[in-house]
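Note sheet for the following structure.
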Amino acid sequence: MTFWELFQYPFMQRALIAAAFTGVAAPVVGTYLVQRRLSLMGDGIGHVAVTGVALGLLTGTSPTWTAVVVSILGAVAIEAIRARGHTNGDVALALLFYGGLAGGVLLSGLGGESSARLQQYLFGSITTISISDVVATMALATAVIVIGIGLAPQLFAVAQDQEFARVTGLRVGFYNVLVAVLAAVSVSVAMRTVGLLLVSALMVVPVATSQQLTRSFRTTLLAAMVLGAAASLGGLVLSAYLSFHATVAPGPTIVLLSLAGFAVTWPVGAWVRRRARLREPFPSVPARDHEPTEHTHQHGPDCGHVAVRHGDHVDYVHDGHRHAEHGAHYDEH
Amino acid sequence: MPDLNQPAPVVLDEGAVAIGGRPILRGIDLEVPAGQFLALMGANGSGKSTLVRALIGLRPLAAGRLRLFGTPIERFHEWSRIGFVPQRGGATSGVPASVWEVVASGRLTRRRLFRPLSRADRAVISDALEVVGLADRAGDGVATLSGGQQQRVLIARALAGEPELFFLDEPTAGVDLANQVSLATSLGRLKERGATIVLVAHELGPLAPLVDRAVVMRDGRIAYDGAPLADHAVHEPVFGESHTHHHASHHGHDHVPHVRSPLEAGQ
Chain L
1 MTFWELFQYP
11 FMQRALIAAA
21 FTGVAAPVVG
31 TYLVQRRLSL
41 MGDGIGHVAV
51 TGVALGLLTG
61 TSPTWTAVVV
71 SILGAVAIEA
81 IRARGHTNGD
91 VALALLFYGG
101 LAGGVLLSGL
111 GGESSARLQQ
121 YLFGSITTIS
131 ISDVVATMAL
141 ATAVIVIGIG
151 LAPQLFAVAQ
161 DQEFARVTGL
171 RVGFYNVLVA
181 VLAAVSVSVA
191 MRTVGLLLVS
201 ALMVVPVATS
211 QQLTRSFRTT
221 LLAAMVLGAA
231 ASLGGLVLSA
241 YLSFHATVAP
251 GPTIVLLSLA
261 GFAVTWPVGA
271 WVRRRARLRE
281 PFPSVPARDH
291 EPTEHTHQHG
301 PDCGHVAVRH
311 GDHVDYVHDG
321 HRHAEHGAHY
331 DEH
Chain A
334 MPDLNQPAPV
344 VLDEGAVAIG
354 GRPILRGIDL
364 EVPAGQFLAL
374 MGANGSGKST
384 LVRALIGLRP
394 LAAGRLRLFG
404 TPIERFHEWS
414 RIGFVPQRGG
424 ATSGVPASVW
434 EVVASGRLTR
444 RRLFRPLSRA
454 DRAVISDALE
464 VVGLADRAGD
474 GVATLSGGQQ
484 QRVLIARALA
494 GEPELFFLDE
504 PTAGVDLANQ
514 VSLATSLGRL
524 KERGATIVLV
534 AHELGPLAPL
544 VDRAVVMRDG
554 RIAYDGAPLA
564 DHAVHEPVFG
574 ESHTHHHASH
584 HGHDHVPHVR
594 SPLEAGQ
């Protein structure tokens, strides 16, 4: 069997479809989570979803759907704790995360499942995905994309400035819960691709990569979707190619490829930002006639004049001139 | 022109606000007629920001009745008539956003779900950017702007909803003089268009000529309500901090001890 013949197999085609949908959908929600500075929420939901998977295995129902239900419950609980604004909210979240993980491992043990079965969900097993799971992945991912893009103006406004959003009459609480539910659904969708413990990476890393080079929310969101799809398809194909030589799992390959994208983009972004700062024009203040009068003002860090580093000293912008201290008086620079 | 048959935009009777069980505002009677430019002044911790937040429903009233455009606040839904400019800081978030996008979010009061922006919406957004003098920065990231420019972005965002009643919370705080002057120009244009403006300010600076009426808060009550005051008058002993002998080290609130229990909700 050669590398190209691999694509003729139905399991590989199913895996490619699932990877494409997951890769596009996960960064949509990830963008709103990063905007709210909740990048780790996906990780927390992933832990809670382990209990859902174990419940599915224990009761003999589809782990995908039990994971969706339990992770939605977990996400709403996380959002409720967060919205209460307790200073110890992160501790409550930690309790929920580890409760979810421990509960899942315990339940799957009770059900007599091998740890290998649970591991499929913890680290992904995209090549063993069934047709019904592919259909569920496509449906849920499409729902996430349609809601995430269709309600983008509202979700953007709520994440950007909650109080302003409330004064525009938006039901902020509803949109907060909506984002939590979308995150839970994306976690369940991405579970088969990269696994519950790595799911947050697929949601957050493409966003972190795209915002190195973007200036607007819209381009960040769209670029993250493209990067997410590229990483998950690329990672899957790369792991398939490498698996002829060694045992390479698709989940970690996808995440590492995504991180590699960030590692390449970050220096470029840092360089672009630095260049933009250097090009920023010096504020043009019309130069007034400046009588060399007695200068009684002592420039300093708190004097209120704009301080500009000028070689080995600091100039202060003063009436359209730059004053540089020189002995007992100020020179014009 | 104010229409006498229309109810006043803001009417608050005997309003009181408590935060964490502690009374912050007591016995506030305030009526703002249409077209008025009202400056709400006072020392730090006098309750002026809390009052504005109560007037737009962000802080529940512990007592009293609030009517906006004649409708009790509980039943008020015409949010497109109200524009709110919060204290600077709400302009940036974890993901880059362009100036245009932030301003466009102010248009949400007049948009329906799942509908793209109409040509008219886009015209209003460009107009709002024009008024604050940032039309040429529309595509730039908000985070790359200076503090004064970010403040003007937030004003443009409120403008994009075409409201009749504006609330501005300390728009001049930490803004340099040149930007305060362009802010005053923007607000002057709003006033010419007949907008009602409630502005919270510690000091008026270049905004002073626009003000029709000043309300000075002290210790959660209205201490003065009348003709505009010069900046120095607001800080006269009558309106200043409750203990008028200023200690150089005294920076805290004058009536709220700076204690917060670890379990209390953050603000």
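Top to bottom, those sequences are chains L and A.
Following the numbering used here, the numbering of the first sequence begins with 1 at its first residue and continues without gaps.
Following the numbering used here, the numbering of the second sequence begins with 334 at its first residue and continues without gaps.
Every residue gets a Cβ at the ideal spot worked out from N, C-alpha and C, and that includes glycine.
- Neighbours of L:Ala159 in chain A, taken as residues at a C-beta separation under 9 Å, are given in chain order as Ser426, Gly427 and Val428.
- Interface with chain L (9 Å Cβ-Cβ cutoff): A:His535 is excluded.
- A Cβ-Cβ distance of about 14 Å is found for the pair L:Gly228 and L:Leu256, leaving them out of contact under the 8 Å criterion.
- Within chain L, Val167 have C-beta atoms less than 7 Å from the C-beta of A:Ile415, given in sequence order.
- Annotated three-state conformation of L:Asp161 is coil, per DSSP.
- Remark: C-beta atoms of A:Gly380 and A:Arg490 do not approach each other more closely than 9 Å.
- At least one CB of chain L lies nearer than 9 Å to the CB of A:Arg490.
- Among the CB atoms of chain A, one or more fall inside 9 Å of the CB of L:Thr31.
- L:Tyr241: member of the alpha helix (DSSP H) spanning Phe217 to Leu242, first to last residue.
- Across the region 196-212 of chain L, CB contacts with chain A closer than 8 Å involve Val207 and Gln211, in sequence order along the chain.
- Judged by DSSP secondary structure, A:Phe500 falls within the beta strand (DSSP E) whose first and last residues are Leu498 to Asp502.
- Only residues of its own chain outside the window of five on either side were considered, and among them Val172 have a CB closer than 7 Å to the CB of L:Gln162, listed in chain order.
- Annotation: L:Ser186 has no Cβ neighbours in chain A at a cutoff of 8 Å; minimum Cβ distance is about 17 Å.
- In terms of beta-carbon proximity, A:Ile406 stays away from the interface with chain L, with every pair separated by 9 Å or more.
- Contact check for L:Ala54 and L:Gly104: beta-carbon distance about 4 Å, within the 8 Å limit, so the pair qualifies.
- Annotation for A:Arg522: Val464 place their beta carbon closer than 8 Å to its own, counting only its chain and skipping 5 residues before and after.
- Within chain A, no residue has its CB atom less than 8 Å from the CB of L:Leu140, the nearest being about 19 Å off.
- Taking C-beta separations shorter than 6 Å and ignoring five residues to either side along the sequence, the partners of L:Gly251 in its chain run Phe123, Gly124, Val194, Gly195 and Leu198, following chain order.
- Short of 8 Å from the beta carbon of A:Glu364, and not among the five residues preceding or following it, lie these beta carbons of its own chain, in chain order: Ala341, Val343, Val344 and Leu345.
- By the neighbour-count definition (other C-beta atoms within 10 Å, threshold 16), L:Thr253 is a buried residue.
- Here the C-alpha atom of L:Ala143 lies approximately 29 Å from the C-alpha atom of L:Gln8.
- Going by C-alpha positions, L:Ile126 is about 25 Å away from L:Leu110.
- DSSP, reduced to helix, strand and coil, places L:His326 within a strand of the structure shown.
- In the displayed model, A:Ala563 falls within coil according to three-state DSSP, outside both helix and strand.
- Where L:Arg277 is concerned, the enclosing alpha helix (DSSP H) starts and stops at Pro250 to Arg279.
- As for any beta strand (DSSP E) of minimum length 3 sitting wholly inside the region 130-180 of chain L, there is none.
- Between L:Leu236 and L:Gln211, the alpha-carbon positions lie close to 24 Å from each other.
- At a cut-off of 9 Å between beta carbons, A:Glu495 makes no contact with chain L.
- When only Cα atoms are considered, L:Ser132 and L:Ala18 end up about 11 Å apart.
- An exposed status is given to A:Leu510, since fewer than 16 other beta-carbon atoms sit within 10 Å of its beta-carbon.
- In this structure, the alpha-carbon of L:Gly60 lies about 11 Å from that of L:Ser108.
- As for any alpha helix (DSSP H) of minimum length 4 sitting wholly inside the region 396-484 of chain A, the runs are 432-437 and 452-464, ordered along the chain.
- Per DSSP, L:His47 is one residue of the alpha helix (DSSP H) stretching across Met41 to Thr59.
- Taking all protein chains in view, the Cβ of L:Tyr32 is crowded by 16 or more other Cβ atoms within 10 Å, so the residue is classified as buried.
- Neighbours of A:Ile389 across chain L, judged by C-beta separation under 8 Å: Val167.
- Excluding its 5 nearest sequence neighbours in each direction, L:Phe156 has C-beta neighbours in its own chain below 7 Å: Phe217, listed in chain order.
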